[in-house]
Amino acid sequence: METTNWQSEPDGRGTFSLISSCIITLVFCVWSALHLNVPPPNTSSKRRALEKTYWVIYGIFAPELVVATAASQYIAARWLLREIEKDNEYKKQKTAESESEIWAMTQCFNAVMGGLTVTIPQGRFTLSAEGARLLSFIDALPTVTASQIQDKSKADGLAKSVVCIQAAWMMAQVITRLISGLPVSLLEINTCGHVICALFLYLLWWNKPLDLQDPLILEDSAFEEMLPFMFTSSQIGADSKTGISKVRCLRYVGPAEVDQPQELRQDSTLIYSEISIGSTGLGNLSEFLGRKASFGGKDRTYLFKVCEGEISSQCLSYFADEYQCLRLRHGEVYCRQFMATQQVSGGHFSTEYLSLIIKGADRIWTELAARPSYARYYFTASPTIKSYYIGETDYLIKSAPNFPSLTNLSLGQVNISRDTLRYVFGFTAMAYGSLHLSGWNHHFPSRAERMLWVVSSITIAGSGMVLWAFFAIRKVLRKTPPVQDKPDPVLKWVYYGIIFVLVLVRVFLVVEAFISLRNAPTLLYTTPEWSDFFPHLS
Numbered sequence: 002m003e004t005t006n007w008q009s010e011p012d013g014r015g016t017f018s019l020i021s022s023c024i025i026t027l028v029f030c031v032w033s034a035l036h037l038n039v040p041p042p043n044t045s046s047k048r049r050a051l052e053k054t055y056w057v058i059y060g061i062f063a064p065e066l067v068v069a070t071a072a073s074q075y076i077a078a079r080w081l082l083r084e085i086e087k088d089n090e091y092k093k094q095k096t097a098e099s100e101s102e103i104w105a106m107t108q109c110f111n112a113v114m115g116g117l118t119v120t121i122p123q124g125r126f127t128l129s130a131e132g133a134r135l136l137s138f139i140d141a142l143p144t145v146t147a148s149q150i151q152d153k154s155k156a157d158g159l160a161k162s163v164v165c166i167q168a169a170w171m172m173a174q175v176i177t178r179l180i181s182g183l184p185v186s187l188l189e190i191n192t193c194g195h196v197i198c199a200l201f202l203y204l205l206w207w208n209k210p211l212d213l214q215d216p217l218i219l220e221d222s223a224f225e226e227m228l229p230f231m232f233t234s235s236q237i238g239a240d241s242k243t244g245i246s247k248v249r250c251l252r253y254v255g256p257a258e259v260d261q262p263q264e265l266r267q268d269s270t271l272i273y274s275e276i277s278i279g280s281t282g283l284g285n286l287s288e289f290l291g292r293k294a295s296f297g298g299k300d301r302t303y304l305f306k307v308c309e310g311e312i313s314s315q316c317l318s319y320f321a322d323e324y325q326c327l328r329l330r331h332g333e334v335y336c337r338q339f340m341a342t343q344q345v346s347g348g349h350f351s352t353e354y355l356s357l358i359i360k361g362a363d364r365i366w367t368e369l370a371a372r373p374s375y376a377r378y379y380f381t382a383s384p385t386i387k388s389y390y391i392g393e394t395d396y397l398i399k400s401a402p403n404f405p406s407l408t409n410l411s412l413g414q415v416n417i418s419r420d421t422l423r424y425v426f427g428f429t430a431m432a433y434g435s436l437h438l439s440g441w442n443h444h445f446p447s448r449a450e451r452m453l454w455v456v457s458s459i460t461i462a463g464s465g466m467v468l469w470a471f472f473a474i475r476k477v478l479r480k481t482p483p484v485q486d487k488p489d490p491v492l493k494w495v496y497y498g499i500i501f502v503l504v505l506v507r508v509f510l511v512v513e514a515f516i517s518l519r520n521a522p523t524l525l526y527t528t529p530e531w532s533d534f535f536p537h538l539s
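Residues in the sequence shown are numbered consecutively from 2, following my numbering.
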C-alpha cells in the first residue's frame, strides 16, 4: 500500500485540513455541549474557565464520563418533575381550586444544577432537588418562571446550530468515504465518537440552562418555617467537630401522638431501624446507627443490638428538665452517637432552636396524615421501640457538584434506582470502545501500534461490559445496600491500578489518532466525488 507522511494543500484534502477540521469539530462539540452547574459562591471567572477546561479534557479523553453526568442530571430533573406532578394531581383531587405551583423541565433542571438558594442565619445555601421536592410535598414550592431562568442563561441557538452543522459535515464525510471504499483516518473515527456523544449531551441537556453564574435567591414566607428542619437534616448542619448530625439522637413525637416511654426489658435488646429513603446514613451505616448492624427482613431495615447505659456523654444535657416537655428530645434507650464518645461535641441544640425544627417536622407530619406512604421518605423509624427520628437527607447543600460519584449520585432518591446511571456509564464505555475497535483493520505505522490500539479499545469496551454486568447481577442478588466497613487497602490499590490503566489506554487512543498520520495511506487524502451520490439533472 502506498503511504505518505504529509499531504500538502490544495490538491485534494491535505493533512493540515484533516487535522484542523477534526480538532475544530472535536473542541467545538465538547465545549458547546457542556452545560455545567451553577458554580459555588464567590467563584472567580478564572476558576470558572479552568473548571470548564477540565471538563473539555474529560470530554476528549473520557466522553462517557460527561454523558453519564448529563444522564444523572436528566434523571434527577425528570424525577423531580414527576414528583411535582404527583403532588399537583393529589392537590387537585383534594380541592377543585388548587393553586399549586407548576414547574416544567427547565425549572426542574435549574433546581438540580444549584440554581436556587436560600438565606438562613447560618449562611446562604443551595436548595437541592430533594429540597425542592419537599417544598412541593407541603405545597410550598416557590414561584420560579422560565423567563427568570432564561434571562440568566447564555444559551445561543445560532452557536449550537453552527456546531451541529460542523458535526453533520464531519459525519457526512466519513459516511461518503466508507461508501466510496476510501480509508478513514483514526482521527476521524475518534472525532465521530465525540460527535455522537455531543448529540446525546444536547438531547439530555436540552432544557438545562447554559452557563448560569448566579442562582436565584428565594425569599418566600410560605416555606420559611421549614428551613431550620431542612438545615439540621442535611449534612451541612452536622456537628462541626464530629461530623455527625446533631439531630440524629433526637426522637420525634408527632402532634396528637401519645408518647410511649422507651425501656430496656433485659440487659440487651435487638432493635429494628427502618432508615429513611435517601438518608446519607446509608453510606456508613455503622456510624449512622452507632453500632454494627445486620440486615433485617425488608429494604432499608436493619437489625442491631442495644445495651443498657449506652448514652453518649455528649448527649446527657438533653435530659435536663427544660428538654423533657419538647416533642423532639433524646431517646432513653440508645444513642446514635455512641461510637463517637472519644470525640468532643461541638455543642447541642437550644430548646428555642429545637422548637423551630419541630414546626417544620409538624408541617410534614400533618401532610403524612393523608399520605402515610411517604413517612419513610422523611423519617427514620424504629418499630420495636415505637419511635421516629428525623431523616437525614440533603435538602440544603453548599453547591451542586458537576459530577456525582458512583456512590453518591446526588439524585432524587424517591423511586430512583442508583444503578441507572451506572448502566448509562457502562453502556457508553462499551459503545466508545467498540467504535474505536472498528478501526483495527486500518493502516498503522507499525504492528505494535495496531496491537496497542486493539488492546486499548477492548479494554475500554470490556470495562463498560464488566461494569454493566456487575451492577445487573448485584441488583438481582441483593435488594438492600451493603453495610460499609473500612475499605480493604489491597482492594483500594487494585482500584487505583484499574483507574490508571483506563486513563492510560484512553490517552493512547487520542494520541495515536494523531501520530498515526505520520505514515498514512495516500488514498486517505483522496476526496470522494459528491456527484456520485446525487442523481444527474437531465
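Using N, Cα and C, we set each Cβ at its ideal position, and we do this for glycine too.
{"Item": "Roughly how far, in whole angstroms, is the beta-carbon of glycine 434 from the beta-carbon of serine 277, given that I think they are within contact range, below 8 Å?", "Value": "Not confirmed; about 39 Å, so no contact."}
{"Item": "Just grab the DSSP bridge partners of histidine 437 for me.", "Value": "Per DSSP, none; premise fails for histidine 437."}
{"Item": "Would you kindly work out how many angstroms separate the C-alpha atoms of threonine 177 and alanine 168, rounded to a whole number?", "Value": "14 Å"}
{"Item": "List the DSSP bridge partners of glutamate 275.", "Value": "Thr302 and Ala382"}
{"Item": "Would you check if there are 3 or more beta carbon pairs closer than 8 Å linking the stretch 188 to 200 to the stretch 126 to 135?", "Value": "no"}
{"Item": "Check whether the Cβ atoms of glutamate 309 and aspartate 268 sit closer than 8 Å, and answer yes or no.", "Value": "yes"}
{"Item": "Which of helix, strand or coil does DSSP assign to valine 164?", "Value": "helix"}
{"Item": "Could you spell out the range, first to last residue, of the alpha helix (DSSP H) harbouring arginine 134?", "Value": "130 to 138"}
{"Item": "Can you tell me whether cysteine 109 is buried or exposed? The criterion is at least 16 other CB atoms within 10 Å of its CB, across all chains shown.", "Value": "buried"}
{"Item": "Which same chain residues end up closer than 7 Å to phenylalanine 232 when comparing Cβ atoms and leaving out the 5 residues on each side of it in sequence?", "Value": "Ile121, Gln123, Gly238 and Leu397"}
{"Item": "Please state whether DSSP places tyrosine 253 in a helix, a strand or coil.", "Value": "strand"}
{"Item": "Can you have a look at tyrosine 593 and say buried or exposed, based on whether 16 or more other CB atoms are within 10 angstroms of its CB?", "Value": "Residue 593 lies beyond the stretch modelled for the chain, which goes from 2 to 539, so this question has no answer here."}
{"Item": "For threonine 4, which option in Asn442, Asn520, Ile61 and Ala257 has the closest C-alpha, if you only look at C-alpha atoms?", "Value": "Asn520"}
{"Item": "For the beta strand (DSSP E) that contains leucine 219, what are its first and last residues?", "Value": "217 to 219"}
{"Item": "Is phenylalanine 350 helix, strand or coil by DSSP?", "Value": "coil"}
{"Item": "In chain order, what residues of the same chain lie with their CB nearer than 6 Å to the CB of serine 313, ignoring the 5 residues before and after it?", "Value": "Cys336, Gln338, Phe339 and Thr342"}
{"Item": "Which complete beta strand (DSSP E) runs does the stretch 197 to 251 hold, if anything under 3 residues is left out?", "Value": "217 to 219"}
{"Item": "Within the stretch 61 to 120, note down every full alpha helix (DSSP H) run reaching 4 residues or more, in order along the chain.", "Value": "64 to 95 and 106 to 113"}
{"Item": "For arginine 60, I'd like the list of residues in its chain whose CB is within less than 6 Å of its CB, leaving aside the five on either flank, ordered along the chain.", "Value": "At residue 60 the sequence reads glycine, which differs from the arginine that was named. Correct list, in chain order: Val31 and Val67."}
{"Item": "For isoleucine 500, count neighbouring C-beta atoms within 10 Å of its own C-beta (all shown protein chains included) and say buried if the count is 16 or more, exposed if not.", "Value": "exposed"}
{"Item": "Name the DSSP bridge partner or partners of serine 269?", "Value": "Cys308"}
{"Item": "On the three-state DSSP scale, how would you describe proline 522?", "Value": "strand"}
{"Item": "Helix, strand or coil: which one does DSSP assign to glycine 124?", "Value": "strand"}
{"Item": "Would you give the residue range spanned by the alpha helix (DSSP H) that arginine 507 belongs to?", "Value": "490 to 516"}
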